[in-house]
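Down below is the structure, laid out as C-alpha coordinates.
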Amino acid sequence: MHDPVETELTINSPEQMRELGRRLAKLLRAGDLVMLTGELGAGKTTLTRGLGEGLGVRGAVTSPTFVIARVHPSLGEGPPLVHVDAYRLSGGLDDMDDLDLDVSLPESVIVVEWGEGKVEELTDDRLSLVIHRAVGDTTDEVRHVTVTGLGARWAAVELGVLGG
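Counted the way our numbering counts, the sequence shown spans residues 1309 to 1472.
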(Lines of atoms letter the chains of each structure in order from A and count residues from 1; the text may use other names and numbers.)
(Lines give C-alpha, C1' and ligand atoms only; values in the text may rest on other atoms or scores of the structure.)
Protein backbone atom coordinates (compact mmCIF):
# COMPACT_ATOMS: atom_id res chain seq x y z
CA MET A 1 0.00 0.00 0.00
CA HIS A 2 1.38 3.37 -0.98
CA ASP A 3 0.77 6.58 0.92
CA PRO A 4 -1.18 9.17 -1.06
CA VAL A 5 0.89 11.87 -2.73
CA GLU A 6 -0.63 15.32 -2.36
CA THR A 7 -0.11 18.92 -3.42
CA GLU A 8 -2.12 22.11 -2.86
CA LEU A 9 -2.49 24.76 -5.56
CA THR A 10 -4.07 28.20 -5.72
CA ILE A 11 -5.65 29.07 -9.07
CA ASN A 12 -6.56 32.71 -9.71
CA SER A 13 -8.39 32.64 -13.06
CA PRO A 14 -10.11 30.36 -15.58
CA GLU A 15 -6.99 30.64 -17.79
CA GLN A 16 -4.83 29.36 -14.91
CA MET A 17 -7.29 26.46 -14.47
CA ARG A 18 -6.88 25.59 -18.16
CA GLU A 19 -3.11 25.83 -17.78
CA LEU A 20 -3.29 23.43 -14.82
CA GLY A 21 -5.11 21.01 -17.13
CA ARG A 22 -2.39 21.40 -19.77
CA ARG A 23 0.35 20.75 -17.18
CA LEU A 24 -1.58 17.78 -15.78
CA ALA A 25 -1.82 16.28 -19.27
CA LYS A 26 1.99 15.94 -19.33
CA LEU A 27 1.80 13.59 -16.33
CA LEU A 28 -1.00 11.40 -17.67
CA ARG A 29 -0.83 8.23 -19.69
CA ALA A 30 -3.24 5.61 -20.99
CA GLY A 31 -5.02 3.83 -18.15
CA ASP A 32 -5.14 6.84 -15.83
CA LEU A 33 -8.33 7.72 -13.98
CA VAL A 34 -8.76 11.35 -12.89
CA MET A 35 -11.60 12.24 -10.54
CA LEU A 36 -12.74 15.86 -10.33
CA THR A 37 -14.75 17.04 -7.33
CA GLY A 38 -16.11 20.53 -6.84
CA GLU A 39 -19.39 22.39 -6.80
CA LEU A 40 -21.09 23.74 -9.91
CA GLY A 41 -18.96 26.48 -11.43
CA ALA A 42 -15.80 25.39 -9.62
CA GLY A 43 -13.88 24.89 -12.88
CA LYS A 44 -14.00 21.12 -13.51
CA THR A 45 -14.86 21.45 -17.19
CA THR A 46 -12.40 24.34 -17.66
CA LEU A 47 -9.65 22.14 -16.23
CA THR A 48 -10.71 19.24 -18.47
CA ARG A 49 -10.64 21.57 -21.50
CA GLY A 50 -6.99 22.33 -20.75
CA LEU A 51 -6.35 18.63 -20.26
CA GLY A 52 -7.78 17.92 -23.70
CA GLU A 53 -5.56 20.63 -25.21
CA GLY A 54 -2.53 19.17 -23.45
CA LEU A 55 -3.34 15.65 -24.63
CA GLY A 56 -3.97 16.89 -28.17
CA VAL A 57 -7.43 15.37 -28.58
CA ARG A 58 -10.07 16.11 -31.18
CA GLY A 59 -13.21 18.06 -30.43
CA ALA A 60 -14.06 20.87 -28.08
CA VAL A 61 -14.24 19.70 -24.49
CA THR A 62 -17.60 20.75 -23.08
CA SER A 63 -19.55 19.52 -20.11
CA PRO A 64 -20.93 16.06 -20.91
CA THR A 65 -23.92 16.59 -18.58
CA PHE A 66 -26.55 15.53 -21.08
CA VAL A 67 -24.66 12.70 -22.76
CA ILE A 68 -22.98 11.46 -19.55
CA ALA A 69 -19.79 10.48 -21.39
CA ARG A 70 -17.95 11.90 -24.38
CA VAL A 71 -14.88 10.41 -26.09
CA HIS A 72 -12.26 12.71 -27.61
CA PRO A 73 -9.90 10.72 -29.87
CA SER A 74 -6.24 11.71 -29.96
CA LEU A 75 -5.09 13.73 -32.97
CA GLY A 76 -1.64 12.18 -32.57
CA GLU A 77 -0.09 9.19 -30.84
CA GLY A 78 -1.53 9.86 -27.40
CA PRO A 79 -4.45 8.23 -25.63
CA PRO A 80 -8.05 9.33 -26.19
CA LEU A 81 -9.73 11.37 -23.47
CA VAL A 82 -12.99 9.99 -22.06
CA HIS A 83 -14.85 12.76 -20.22
CA VAL A 84 -17.61 11.54 -17.90
CA ASP A 85 -20.19 13.44 -15.87
CA ALA A 86 -21.36 11.03 -13.15
CA TYR A 87 -23.66 13.57 -11.48
CA ARG A 88 -26.85 11.80 -12.56
CA LEU A 89 -25.49 8.28 -12.16
CA SER A 90 -27.20 7.26 -8.95
CA GLY A 91 -26.26 3.59 -9.17
CA GLY A 92 -22.54 4.15 -8.97
CA LEU A 93 -20.57 1.36 -10.63
CA ASP A 94 -23.67 -0.38 -11.98
CA ASP A 95 -24.46 2.71 -14.04
CA MET A 96 -20.78 3.16 -14.83
CA ASP A 97 -20.64 -0.42 -16.10
CA ASP A 98 -23.43 0.41 -18.53
CA LEU A 99 -21.10 2.98 -20.08
CA ASP A 100 -18.46 0.28 -20.75
CA LEU A 101 -15.75 2.58 -19.46
CA ASP A 102 -13.75 -0.28 -18.02
CA VAL A 103 -13.27 -1.55 -21.57
CA SER A 104 -11.58 1.69 -22.60
CA LEU A 105 -9.72 2.42 -19.35
CA PRO A 106 -6.46 0.64 -20.28
CA GLU A 107 -6.18 2.62 -23.55
CA SER A 108 -7.63 5.95 -22.41
CA VAL A 109 -7.31 8.78 -19.96
CA ILE A 110 -10.65 8.92 -18.15
CA VAL A 111 -11.75 12.11 -16.41
CA VAL A 112 -14.83 11.77 -14.21
CA GLU A 113 -16.69 14.77 -12.81
CA TRP A 114 -18.85 14.05 -9.75
CA GLY A 115 -17.38 10.54 -9.51
CA GLU A 116 -16.74 10.42 -5.77
CA GLY A 117 -18.27 7.28 -4.28
CA LYS A 118 -19.08 5.93 -7.75
CA VAL A 119 -15.93 5.02 -9.68
CA GLU A 120 -13.21 4.23 -7.13
CA GLU A 121 -13.58 0.50 -7.75
CA LEU A 122 -12.49 0.90 -11.38
CA THR A 123 -8.85 1.06 -10.27
CA ASP A 124 -6.72 1.42 -7.13
CA ASP A 125 -4.57 3.98 -8.93
CA ARG A 126 -6.27 7.31 -9.45
CA LEU A 127 -5.67 11.01 -9.32
CA SER A 128 -8.18 13.01 -7.32
CA LEU A 129 -8.60 16.77 -7.75
CA VAL A 130 -10.83 18.60 -5.30
CA ILE A 131 -11.59 22.17 -6.32
CA HIS A 132 -12.74 24.58 -3.62
CA ARG A 133 -13.98 28.05 -4.39
CA ALA A 134 -14.86 30.98 -2.18
CA VAL A 135 -18.41 30.60 -0.91
CA GLY A 136 -20.82 33.49 -1.36
CA ASP A 137 -18.96 35.91 -3.59
CA THR A 138 -19.50 34.37 -7.01
CA THR A 139 -17.25 36.95 -8.73
CA ASP A 140 -14.20 35.57 -6.91
CA GLU A 141 -12.14 33.57 -9.41
CA VAL A 142 -9.76 32.13 -6.80
CA ARG A 143 -9.84 28.34 -6.50
CA HIS A 144 -7.93 26.10 -4.12
CA VAL A 145 -7.12 22.75 -5.70
CA THR A 146 -6.01 19.70 -3.75
CA VAL A 147 -4.39 17.10 -6.02
CA THR A 148 -4.02 13.63 -4.51
CA GLY A 149 -2.37 10.68 -6.23
CA LEU A 150 -3.53 7.29 -4.95
CA GLY A 151 -1.89 3.92 -5.55
CA ALA A 152 1.41 2.71 -6.94
CA ARG A 153 1.01 4.61 -10.23
CA TRP A 154 1.27 7.98 -8.44
CA ALA A 155 3.69 7.05 -5.61
CA ALA A 156 6.77 8.38 -7.44
CA VAL A 157 5.12 11.19 -9.44
CA GLU A 158 6.19 14.70 -8.42
CA LEU A 159 2.85 16.50 -8.31
CA GLY A 160 4.58 19.74 -7.31
CA VAL A 161 5.34 20.37 -10.99
CA LEU A 162 1.65 21.21 -11.41
CA GLY A 163 2.32 24.46 -9.57
CA GLY A 164 4.20 25.76 -12.59
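Cβ atoms here follow ideal geometry from the backbone N, Cα and C, with glycine treated the same way.
- Burial of Arg-1441 is indicated by the presence of at least 16 other C-beta atoms within 10 angstroms of its C-beta.
- The alpha carbon of Pro-1322 has as its nearest neighbour, out of Lys-1426, Ala-1350, Ala-1333, the alpha carbon of Ala-1350.
- In this structure Leu-1363 is not in contact with Ala-1338, their Cβ atoms being roughly 10 Å apart against a cut-off of 8 Å.
- Per the DSSP secondary-structure output, Asp-1393 pairs in a beta bridge with Glu-1421.
- Residue state for Ala-1377 is assigned as strand, using DSSP reduced to three classes.
- A direct Cα-Cα distance of roughly 11 Å separates Pro-1388 from Val-1419.
- Between the alpha carbons of His-1452 and Pro-1414 lies a distance of about 30 Å.
- For Trp-1462, the closest C-alpha among the options Leu-1430, Leu-1341, Glu-1327 is that of Leu-1341.
- Scanning its chain for C-beta atoms nearer than 6 Å, with the 5 sequence neighbours on each side dropped, one finds around Ala-1394 the residues Val-1420, Trp-1422, Gly-1423, Lys-1426, in chain order.
- Val-1469 sits in a helix when the DSSP states are folded into three classes.
- The C-beta separation of Val-1417 from Leu-1317 comes to about 20 Å, leaving the pair out of contact by the 8 Å criterion.
- By the Cβ-count criterion, Val-1469 is exposed, with fewer than 16 other Cβ atoms from all chains shown falling within 10 Å of its own Cβ.
- Ranked by Cα distance from Arg-1434, the options Arg-1331, Ser-1371, Gly-1459, Val-1379 are led by Gly-1459.
- Between Met-1343 and Lys-1352, the alpha-carbon positions lie close to 10 Å from each other.
- Exclusion of the five residues before and after Asp-1432 leaves Gly-1459 as the residues of its chain whose Cβ lies within less than 6 Å of its Cβ.
- In the structure shown, Leu-1359 falls within a helical segment according to DSSP collapsed to helix, strand and coil.
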